[in-house]
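Residue numbers (the working numbering): 4 to 445.
Now the structure itself:
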C-alpha cells in the first residue's frame with residue numbers, strides 16, 4: 004500500500020447516504036416536483052467513452068438520474084477533441100474549453116470527475132462511489148475492468164444492488180470477444196452496410212453512427228428493466244447488462260434478417276426504395292427530391308389521382324401491390340417522369356390534400372428549422388459559460404412523458420468540473436484532494 008493511500012485512509016471522513024436522499028446533490032435547481040424526472044433517485048457512474056455508452060447515460064440523465072462521468076485526468080473522453088474542419092475554423096467554444104459539438108451531443112445532464120483507474124487510489128475512490136450508486140456503465144475492452152479490479156463480480160459483491168452495464172464491440176464471449184469494435188466495423192460485420200446505398204453502387208455507411216446509437220438505447224433499456232427487477236420483484240438484486248454493437252446491428256436488420264433466416268433471401272441495396280412496397284421511395288422533382296409512400300391500393304389510387312395519372316389505377320400491371328412489385332421499373336419510370344415536371348412544393352400540396360404521407364427530402368438544417376420540430380421542442384437552447392455566445396443549442400428530449408417529463412437541466416461539463424465537489428461529498432478533505440491531484444490520480 005502506497006504512502007499516499009495510507010494518508011488518504013487516515014484522513015477520510017465516512018459519507019452517509021439515507022434511503023431517500025442522495026449524498027451528492029444534483030446540479031440542477033428543479034422548478035417543480037414534476038420536473039425532477041422519474042429517475043431522480045438513481046445515481047449513474049458513466050465510465051464509458053465516445054458515443055454508445057455516453058448516449059445511454061445521457062438518456063438516463065434526461066429523465067432525472069444523477070450521472071457522474073468518470074474520465075481520465077488531463078485527457079478525458081476522446082470526443083472532447085474531435086472537431087470537424089468547420090468547427091476548427093469557426094470554433095463554438097472558448098479556446099480553453101474541453102467541449103466540442105460531438106461531446107455535447109451525448110453528455111448533457113452529467114457531472115465530470117477525473118480519476119486515474121490505473122492507480123490503487125483511483126480504484127479505491129471509484130469503489131466508494133460504487134457503494135453509493137445504482138448503475139455503472141462501461142465500454143472498456145472485454146476483460147479490462149477485471150484487470151483493474153473493477154469487474155462485475157467484484158463490484159456486485161461490494162454493492163449487490165448495482166446494475167452493471169457493459170457495452171462492447173462483439174459481446175463478452177466468442178472468438179471476437181476481445182477485438183476492438185467501432186460503429187462502422189459492426190455495420191460491416193452485421194451486413195447492415197451491405198444493404199445501405201444504391202443498388203448499382205458500393206456499400207455505404209449510414210449518415211450517423213446508428214450501431215452506436217442503437218446499442219446505447221438498448222443499454223438504457225436493459226438498465227431500466229434491471230432496475231425494475233431489482234426494486235419491484237421479491238429478492239431482486241442488481242445484475243449485469245450486456246450489449247454489443249454487433250448484436251444491436253443484427254437486431255435492427257428486422258424484416259431483412261427475417262427474410263434471410265426463413266427464406267434464404269439475401270439482403271440487397273435498395274437505395275430509398277422498399278423491397279416489398281411500390282411505390283415507396285424518393286423521387287426527383289423539378290427543384291429537389293421528395294419521398295412518396297403508398298402501402299395499400301387505396302393510397303395508390305389516391306396518388307394516381309393526385310399526380311394526374313388516373314389510368315394507372317386500372318392498369319392490370321399495377322392492380323395490386325404484388326403486381327407493382329413485379330413491375331417496379333415500369334411504374335417508377337412513369338411516376339418519375341411526371342414528378343420531374345413540377346417543384347416539390349406543388350406536389351406536397353397535392354399529396355397532402357389527398358391525405359397521402361409525403362415529405363421533401365430535407366437537409367439537416369431544414370429538418371431542424373421545420374415548424375413541427377420546433378413545436379415538439381426538439382431544439383433547446385441552454386446557458387453555457389464556455390460557449391463563445393454564452394449559450395448552445397442541443398437536440399431536445401424525444402420521449403415525452405405527461406406527468407414526469409425529462410428535460411435538459413445542465414450544460415455538458417468541462418473535464419473534471421465536479422471532481423472537487425464529488426470528493427468533498429465522499430469525505431475527502433481539501434489537502435488530500437491536493438495530494439491526489441499532484442499525484443495524477445484526479
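Don't be surprised by glycine CBs; every beta carbon is placed ideally from N, CA and C.
### In chain order, each alpha helix (DSSP H) run of at least 4 residues that lies wholly inside the segment 181-226
List check, alpha helix (DSSP H) in window: 186-193.
### Query
Which two residues bound the contiguous beta strand (DSSP E) that contains residue 286?
Position 283 of the chain shown holds residue 286. Per DSSP, residue 286 is one residue of the beta strand (DSSP E) stretching across 283-287.
### Task
Report all residues from its chain with a CB closer than 8 Å to the CB of residue 377; omit the five preceding and five following residues, and keep chain order.
As a first step, residue 377 is located in the chain shown; it is residue number 374 there, counting from the start. Within its own chain, no residue has a Cβ closer than 8 Å to the Cβ of residue 377 once the five positions on either side in sequence are excluded.
### Message
From the DSSP secondary-structure annotation, give me the bridge partner or partners of residue 394.
### Response
Here residue 394 refers to the residue found at position 391 of the chain shown. The secondary-structure analysis by DSSP pairs residue 394 across a beta bridge with 386.
### Query
Thinking C-alpha only, which one of 228, 214 and 370 is nearest residue 167?
Position 164 of the chain shown, counted from the first residue, corresponds to residue 167. Comparing Cα positions, the closest option is 228.
### Query
Is the beta carbon of residue 116 sitting closer than 7 Å to the one on residue 73?
On the chain shown, position 113 is the one that residue 116 refers to. On the chain shown, position 70 is the one that residue 73 refers to. Result yes, Cβ atoms of residue 116 and residue 73 sit closer than 7 Å.
### Query
Hey, quick one: how far does the beta strand (DSSP E) through residue 170 stretch, first residue to last?
Working through the chain shown from its first residue, we reach residue 170 at position 167. In the DSSP annotation of this structure, the continuous segment of the beta strand (DSSP E) that includes residue 170 starts and ends at 166-171.
### Task
Taking residue 372 as part of the alpha helix (DSSP H), name the residues at either end of that continuous run.
For the purposes of this step, residue 372 is identified with residue 369 of the chain shown, where counting begins at 1. Taken as a continuous stretch (DSSP letters only), the alpha helix (DSSP H) holding residue 372 covers 367-372.
#### Entry: Under the three-state DSSP convention, the category residue 106 falls into
Start at 1 with the first residue of the chain shown, and residue 106 comes out as number 103. DSSP places residue 106 in helix when its eight states are reduced to three.
### Task
For residue 60, collect the residues of the same chain with a Cβ closer than 6 Å to its Cβ; drop the 5 residues on either side in sequence, then sort them by chain order.
Counting from 1 along the chain shown, the entry for residue 60 is found at position 57. Counting only residues of its own chain and dropping the five nearest sequence neighbours on each side, residue 60 has a CB closer than 6 Å to the CB of 47, 49, 70 and 140.
### Query
Can you tell me where the alpha helix (DSSP H) with residue 274 in it begins and where it stops?
Mapped onto the chain shown, residue 274 falls at position 271. That residue, residue 274, is in no alpha helix (DSSP H); it is neither H nor E in DSSP.
### Task
Please work out which residues of its chain come closer than 6 Å, Cβ to Cβ, to residue 55, disregarding the five sequence neighbours upstream and downstream, and give them in chain order.
Position 52 of the chain shown, counted from the first residue, corresponds to residue 55. Correct list, in chain order: 170, 215, 218 and 219.
### Query
Could you give the C-beta distance for residue 272 and residue 188, rounded to a whole number, given that I count them as a contact under 8 Å?
The sequence position of residue 272 within the chain shown is 269, counting from 1. The sequence position of residue 188 within the chain shown is 185, counting from 1. No, residue 272 and residue 188 are not in contact; Cβ-Cβ is about 19 Å, not under 8 Å.
### residue 402 burial status per 10 Å Cβ neighbour count (16 or more: buried)
Reading the chain shown from its first residue, position 399 is the one you call residue 402. Classification of residue 402: exposed, given that the 10 Å Cβ count is below 16.
### Message
Tell me the residue span of the beta strand (DSSP E) that contains residue 114.
### Response
Locating residue 114 in the chain shown gives position 111, where the first residue counts as 1. Unbroken beta strand (DSSP E) run through residue 114: 113-117.
### Task
Return the residue from the list 246, 242 and 278 that minimises the CA-CA distance to residue 258.
Within the chain shown, the letter at position 255 stands for residue 258. Nearest in C-alpha terms to residue 258, of all of 246, 242 and 278, is 278.
### Task
Could you pull the start and end residues of the alpha helix (DSSP H) that residue 307 belongs to?
Within the chain shown, the letter at position 304 stands for residue 307. Run containing residue 307: 300-309, per the alpha helix (DSSP H) assignment.
### Query
Quick one: Cα of residue 150 to Cα of residue 157, how far?
Counting from 1 along the chain shown, the entry for residue 150 is found at position 147. Counting from 1 along the chain shown, the entry for residue 157 is found at position 154. Looking at the backbone, the Cα of residue 150 and that of residue 157 are separated by about 11 Å.
### Task
Since I believe residue 119 is in contact with residue 443 (beta carbons under 8 Å), could you give me their beta-carbon distance rounded to a whole number of angstroms?
Position 440 of the chain shown, counted from the start, is the residue given in the question as residue 443. Position 116 of the chain shown, counted from the start, is the residue given in the question as residue 119. Distance from residue 443 to residue 119 at the Cβ level is roughly 6 Å; contact confirmed, criterion being Cβ atoms closer than 8 Å.
### Query
Out of 309, 409 and 429, which has the shortest C-alpha to C-alpha gap to residue 41?
Against the chain shown, residue 41 aligns to sequence position 38. That would be 409, whose Cα lies nearest to the Cα of residue 41.
### Contact check, residue 346 vs residue 290, beta carbons under 7 Å
By one-based count along the chain shown, residue 346 stands at place 343. By one-based count along the chain shown, residue 290 stands at place 287. Closer than 7 Å, so yes.
### Query
Helix, strand or coil: how does DSSP classify residue 177 here?
To locate residue 177, count along the chain shown from 1; it is residue 174. It is coil, neither helix nor strand.
### Query
Can you give the Cα-Cα distance for residue 326 and residue 332, rounded to whole angstroms?
Counted from its first residue, the chain shown places residue 326 at position 323. Counted from its first residue, the chain shown places residue 332 at position 329. Each residue's Cα considered, the two are about 11 Å apart.
### Task
Quickly, what does DSSP pair residue 362 with across the bridge? List them, please.
For the purposes of this step, residue 362 is identified with residue 359 of the chain shown, where counting begins at 1. Beta-bridge annotation (DSSP): residue 362 is paired with 294.
### Query
Between 350, 249 and 359, which lies nearest to residue 301 when the distance is taken from Cα to Cα?
Numbered from its first residue, the chain shown carries residue 301 at position 298. Nearest of 350, 249 and 359 to residue 301, Cα basis: 359.
### Message
For residue 334 and residue 191, I'd like the C-alpha separation in whole angstroms.
### Response
The residue labelled residue 334 in the question sits at position 331 within the chain shown. The residue labelled residue 191 in the question sits at position 188 within the chain shown. If you draw a straight line from the Cα of residue 334 to the Cα of residue 191, it is about 33 Å long.
### Query
Nearest-angstrom Cα distance between residue 26 and residue 431?
Taking the first residue of the chain shown as position 1, residue 26 is located at position 23. Taking the first residue of the chain shown as position 1, residue 431 is located at position 428. Unreliable positioning characterises residue 26 in this predicted model, as indicated by a pLDDT of 44, which lies under 50. A coordinate reading is not provided.
### Query
For residue 110, is the classification buried or exposed, using 16 other Cβ atoms within 10 angstroms of its Cβ as the cut-off for buried?
As a working mapping, residue 110 is identified with position 107 in the chain shown. Buried: at least 16 other Cβ atoms inside 10 Å.
### Query
Quick one: Cα of residue 404 to Cα of residue 66, how far?
As a working mapping, residue 404 is identified with position 401 in the chain shown. As a working mapping, residue 66 is identified with position 63 in the chain shown. Taking the straight line from one Cα to the other gives about 9 Å.
### Task
Could you say which of 441, 288, 428 and 136 lies nearest to residue 340 if we only look at CA atoms?
Within the chain shown, residue 340 is the residue found at index 337, counting from 1. The shortest Cα separation from residue 340 among 441, 288, 428 and 136 belongs to 288.
### Where residue 382 falls, given that 16 or more other Cβ within 10 Å makes a residue buried
What you label residue 382 is simply residue 379 of the chain shown in a count that begins at 1. Around the beta carbon of residue 382, a 10 Å sphere encloses fewer than 16 other beta carbons of the protein chains shown; the residue is thus reported as exposed.
### Task
Can you give me the start and stop residues for the beta strand (DSSP E) that residue 49 sits inside?
Counting from 1 along the chain shown, the entry for residue 49 is found at position 46. First-last of the beta strand (DSSP E) with residue 49: 46-49.
### Query
For residue 447 versus residue 396, is the C-beta spacing smaller than 7 Å?
The displayed coordinates of the chain run from 4 to 445. Any statement about residue 447 would go beyond what the structure contains.
### Query
What is the rounded straight-line gap between the Cα of residue 162 and the Cα of residue 153?
For the purposes of this step, residue 162 is identified with residue 159 of the chain shown, where counting begins at 1. For the purposes of this step, residue 153 is identified with residue 150 of the chain shown, where counting begins at 1. Between residue 162 and residue 153, the C-alpha separation is close to 12 Å.
### Message
Can you list, in chain order, the residues of its chain with a C-beta nearer than 8 Å to that of residue 411? Leave out the 5 residues immediately preceding and following it.
### Response
Within the chain shown, numbered from 1, the residue matching residue 411 stands at position 408. Setting aside the 5 residues that flank it on each side, residue 411 is surrounded in the same chain by 65, 111, 112, 383, 385, 397, 399 and 400, each with a C-beta closer than 8 Å to its C-beta; the list follows chain order.
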